[in-house]
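Below is one structure, written out as structure tokens; the observations come after it.
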């Protein structure tokens, strides 16, 4: 299983793929994560209106697609991700925005090759099936974050669907499931006693944290780096939990956190962190 494949600490996790080098949550971003030496990659899964599991972060399509420029979507404002079918989503360009905006300055710095630039405009929103097939083919461990389904609160069926997709791809050994919605984690544990799980937290840690995590029956804890100090990392690690922090883009901070026992650093710059670790 996931933690058997990566049993130590100090791993590099590519946040939404190598999203500083390619459009986030695309197959190209996953390929870049693999190419630059990430130990595993993190991505987001939600559901289209026709029930297809898709890899996409936002509740709306605007930020990372060309939906606002597509006449066939004009009457669909505010372009909610969950209100389009998978076939409709495949019409959208999920890459060219990255070239136009260069959100991390990576193109201007020359970190993205001409060949890679030529592929960016061809990126589409992938299905979870496509992503799992890629990760299985490349033997690249993956952290699947199940996004909170805001338009179907209380509906836990996406959990079973994700589990079925993992089984169908024969990717069980490579997968870690995480979520901000801890009810999803409880449901996944009910359905799959062996699936590795991680609780994501921002804003504030749950009270009586160690006992909370034990009751939740998770092996991983993924808090926001802004609310987590090195003493907490050491304490949780001593208690047997795998602590991964998001989103850490300062390499000096990343090295300090790893020295404190952090299991993995979830970063937009997996290439930079890998290079720093090679020098340590």
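Numbering (our numbering), first residue to last: 1 to 280. Here a beta-carbon is modelled for each residue, glycine too, at the ideal position from N, C-alpha and C. Since the structure is predicted, the reported quantities are computational estimates derived from the model, not experimental observations.
Meets three-Cβ-pair contact criterion under 8 Å: the stretch 39-58 and the stretch 115-131: Yes, they touch.
Proximity to residue 37 [Cα-Cα], best of 200, 107, 18 and 252: 18
Residue 73 vs residue 48 beta-carbon contact at 7 Å: no
Identity of the residue in 259, 166, 32 and 168 nearest residue 230 by Cα: 259
Endpoints, the alpha helix (DSSP H) within which residue 282 is located: Residue 282 lies beyond the stretch modelled for the chain, which goes from 1 to 280, so this question has no answer here.
Under 7 Å between C-beta atoms of residue 80 and residue 39: no
For residue 98, three-class secondary structure by DSSP: helix
Alpha-carbon to alpha-carbon, residue 239 and residue 78: Straight through space, the alpha carbons of residue 239 and residue 78 are spaced by roughly 45 Å.
N-terminal and C-terminal residue of the alpha helix (DSSP H) that residue 130 is part of: Where residue 130 is concerned, the enclosing alpha helix (DSSP H) stretches over 128-138.
N- and C-terminal bounds of the beta strand (DSSP E) containing residue 299: Residue numbering for the chain in the displayed model covers 1 to 280; residue 299 lies beyond these limits and cannot be assessed.
Spatial distance of residue 83 from residue 272 (CA atoms): Rounded to whole angstroms, residue 83 and residue 272 show a C-alpha spacing of 37 Å.
Endpoints, the beta strand (DSSP E) within which residue 8 is located: Counting along the chain, residue 8 falls outside any beta strand (DSSP E), and DSSP gives it neither H nor E.
Nearest candidate by alpha-carbon position, reference residue 68, set 91, 102, 51 and 50: 91
Assigned secondary structure, residue 182 (DSSP; H/G/I helix, E/B strand, else coil): Residue state for residue 182 is assigned as helix, using DSSP reduced to three classes.
Minimum length 4: unbroken alpha helix (DSSP H) runs contained in the stretch 180-267: 182-191, 209-216, 230-238 and 251-259
Contact under 7 Å by Cβ, residue 245 with residue 138: no
Expected contact under 8 Å - CB spacing of residue 159 and residue 195 to nearest Å: 10 Å between Cβ atoms; not a contact.
Contained alpha helix (DSSP H) runs [length at least 4] in the stretch 43-84, N- to C-terminal order: Listed in chain order, nothing qualifies, since the stretch 43-84 has no complete alpha helix (DSSP H) run of 4 or more residues.
Among 95, 51, 211 and 41, nearest to residue 62 - alpha-carbon criterion: 95
For residue 176: DSSP bridge partner residues: 143
Cβ-Cβ separation, residue 145 to residue 44 (assumed contact under 8 Å), whole Å: 5 Å
For residue 98 and residue 281, believed in contact at Cβ under 8 Å, the rounded distance: Residue numbering for the chain in the displayed model covers 1 to 280; residue 281 lies beyond these limits and cannot be assessed.
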